[in-house]
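Taking it in order: structure first as structure tokens, then the write-up.
Residue numbers (the working numbering): 153 to 403.
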């Protein structure tokens with residue numbers, strides 16, 4: 153089983169798309185999700201997310217991500233519920249009230265975040281980060297150091313998560329029990345941030361030295377030998393995402 157944000161090989165439609173087209177289409181869908189409050193449009197995006205996940209054979213990863221995003225968005229939904237006094241009064245509060253539209257706003261927050269997160273994260277699952285960085289340099293003429301910084305940030309997320317898991321397993325072997333409520337787990341995990349930070353600094357320092365030794369400062373747009381031409385499927389995907397954006401703005 154591949155870890156979080158680690159490349160999953162395959163031959164799906166999304167795998168074969170140009171890295172820049174994939175990233176652009178995902179960002180357009182993100183904008184579409186935040187440009188509309190229409191549940192029909194958001195449901196359309198969710199259906200598209202499910203189709204893409206099934207076609208890429210990554211339904212478990214997509215479901216896990218959707219659950220994580222939904223859990224994270226509960227706090228934002230609670231804020232919207234308590235501090236958006238709109239519609240007919242359902243519950244009277246000292247500073248306002250919870251109305252029918254307050255409930256709609258809270259649900260909208262969860263649906264919107266789930267709908268926009270899945271396609272963006274699927275792009276990172278089906279694209280090699282080296283290809284993404286090189287395509288950004290070749291197609292978008294982004295300076296390589298900025299493309300490298302962006303992809304390195306994504307690349308180090310699963311590395312740091314694996315380091316945290318290793319530190320927690322070491323603490324568990326020493327008798328520390330991470331079972332229990334959320335408050336207890338947070339209290340036990342906070343001291344582990346120090347060794348994680350030390351390990352992260354060492355890894356980033358080693359990566360910086362390795363990049364410098366390999367002539368990182370000499371890298372230009374012409375240094376990459378692989379080309380990333382746009383194909384018909386890329387234009388179709390971009391057109392479909394633009395249509396969804398237009399629908400989101402209109403409705």
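C-beta: ideal position from N, C-alpha, C; glycine also.
Item	Value
Output the boundary residues of the alpha helix (DSSP H) element that contains residue 245.	That residue, residue 245, is in no alpha helix (DSSP H); its beta strand (DSSP E) goes 241-245.
Tell me whether residue 308, by its Cβ, gets closer than 6 Å to a heavy atom of the ligand ATP.	This structure simply doesn't include the ligand ATP, nor any ligand for that matter.
For the putative contact between residue 292 and residue 172, defined by C-beta atoms under 8 Å, what is the C-beta separation to the nearest angstrom?	6 Å
Going straight from the alpha carbon of residue 336 to that of residue 330, what length do you get?	8 Å
When the distance is taken between beta carbons, is residue 388 closer than 7 Å to residue 177?	no
Is residue 216 helix, strand or coil by DSSP?	helix
Is the beta carbon of residue 299 sitting closer than 7 Å to the one on residue 285?	yes
Which residues share a DSSP beta bridge with residue 406?	With the chain represented from 153 up to 403, any question about residue 406 goes unanswered, as that position is not in the structure.
Measure the alpha-carbon distance for residue 262 versus residue 364 and round it to whole angstroms.	43 Å
What are the boundary residues of the alpha helix (DSSP H) that includes residue 208?	Looking at the DSSP string, residue 208 is not in any alpha helix (DSSP H), and its letter there is neither H nor E.
Is residue 380 helix, strand or coil when you go by DSSP?	coil
Can you give me the Cβ contacts of residue 281 inside the same chain, cut-off strictly under 7 Å, excluding the 5 residues immediately before and after it?	303, 306 and 307
In the DSSP assignment, find the alpha helix (DSSP H) that holds residue 403 and state where it starts and stops.	Residue 403 -> no alpha helix (DSSP H), and no H or E assigned at all.
For residue 396, count the other beta carbons within 10 Å of its own beta carbon; 16 or more makes it buried, fewer makes it exposed. Which is it?	buried
From this set, 202, 196, 195 and 187, which residue's C-alpha is nearest residue 166's C-alpha?	202
Over what stretch of residues does the alpha helix (DSSP H) that includes residue 286 continue unbroken?	281-291
Are the CB atoms of residue 309 and residue 344 within a distance shorter than 7 Å?	no
Excluding the 5 residues flanking residue 212 on each side, which residues of the same chain have their C-beta closer than 6 Å to its C-beta?	none
Over the uninterrupted alpha helix (DSSP H) stretch that includes residue 366, give me the two end residues.	That residue, residue 366, is in no alpha helix (DSSP H); it is neither H nor E in DSSP.
Look up residue 314 in the DSSP assignment and say whether it is helix, strand or coil.	helix
Please report the straight-line C-alpha distance between residue 290 and residue 296, rounded to a whole angstrom.	9 Å
Would residue 357 be called buried (16 or more neighbouring beta carbons within 10 Å of its own) or exposed?	exposed
Using a Cβ-Cβ cut-off of 6 Å (strictly less than) and excluding sequence neighbours within five positions of residue 236, which residues of its own chain qualify?	254 and 257
If we count the other Cβ atoms within 10 Å of its Cβ and call it buried at 16 or more, is residue 264 buried or exposed?	buried
Quick check on the burial criterion: 16 or more other C-beta atoms within 10 angstroms. Buried or exposed for residue 189?	exposed
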